Amino acid sequence: MTITIIIARHGNTFDPDQMPTRVGARTDLPLVQSGEDQALRLGHHLKSQKLMPDIVYTSTLRRTIDTARLICVAMMCPAPNMPLPFLNEIDYGLDENKPETEVKARLGEMALKRWDELGEMPPEWSPRPHVIRDSWQYFLDKCQTDLQDKTILVVTSNGIARFALNCAENGATCPLKLSTGAYGILKFQDKWLVTDWNIRP
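With our numbering applied, the sequence shown covers 103 to 303.
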């Protein structure tokens, strides 16, 4: 039995001339044009790699739903799309939708460095890391039971995707970041392994 899970991050939600903010679970932004282009490019790339999904999961947020839709358009893939709330972005609490300069001023540079490099979450953000890890493990267990020999596309956010690495035997060797429009692959045979991470077509 082999299961292939493609974990993709949604496309861009800001143009280069816009001030980016820390967009979380309570900020439902659409993709900008470059984000739509990223999604289409990712779809063409996955098709060229013969990674056609049998089923697609997204968060309940527009940026992931639209990314998945455009990936499937590029692939000419009719796979059903199912939203899963656990794939929503982190709720950043007081830092939600604030410019990074304000977030850094409030939390400090070291706190953000620990989040970016180690996945250590500031105390006001939610859900907590163990909850996200448990949700990923439950999802992967369900895939082993219900989706044997299938290819599954999951479109989510950087804050959520990184914790999937904790469920793979070699996940600790991967950098946490998943760039916009990038993807990674978890593959199961007798155990879950990361075979690619942060591939950006």
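All C-beta atoms, glycine included, are put in the ideal place defined by N, C-alpha and C.
The structure presented is a predicted model; accordingly, all values stated were derived computationally and were not measured.
Residue nearest to threonine 275 in terms of C-alpha spacing, selected from Arg143, Leu295 and Leu131: Leu295
Expected contact under 8 angstroms - CB spacing of glutamine 51 and glycine 113 to nearest Å: As shown, the chain starts at 103 and ends at 303. That puts residue 51 outside it, with no answer to give.
Exposure label - threonine 160; buried when at least 16 CB within 10 Å: buried
CB of arginine 264 within 7 angstroms of CB of glycine 195, strictly: no
C-alpha gap between threonine 115 and lysine 244, whole angstroms: 31 angstroms
Cα-Cα separation between glutamine 246 and threonine 258, rounded to whole angstroms: 20 angstroms
Where asparagine 183 falls: helix, strand or coil (DSSP): strand
Candidates Phe290, Gly283 and Gln291: closest to alanine 170 by CA position: Gly283
Endpoints, the beta strand (DSSP E) within which arginine 111 is located: 105-111
Nearest residue (CA-CA) to glycine 145, options Ile173, Ala110 and Trp299: Ile173
Selection from Pro231, Lys289, Leu209 and Cys179 that minimises the alpha carbon distance to isoleucine 262: Pro231
Helix, strand or coil at isoleucine 167 according to DSSP, with G and I counted as helix: helix
Backbone CA spacing between leucine 131 and aspartate 117 [nearest angstrom]: 12 angstroms
Proximity below 7 angstroms, CB of isoleucine 192 to CB of glycine 286: no
Threonine 297: first and last residue of the uninterrupted beta strand (DSSP E) it sits in: 294-301
Closer than 7 angstroms to chain C by CB, valine 296: Among the protein chains of the structure shown there is no chain C, as only one such chain exists.
Sub-7 angstroms separation of leucine 280 and asparagine 260 beta-carbons: yes
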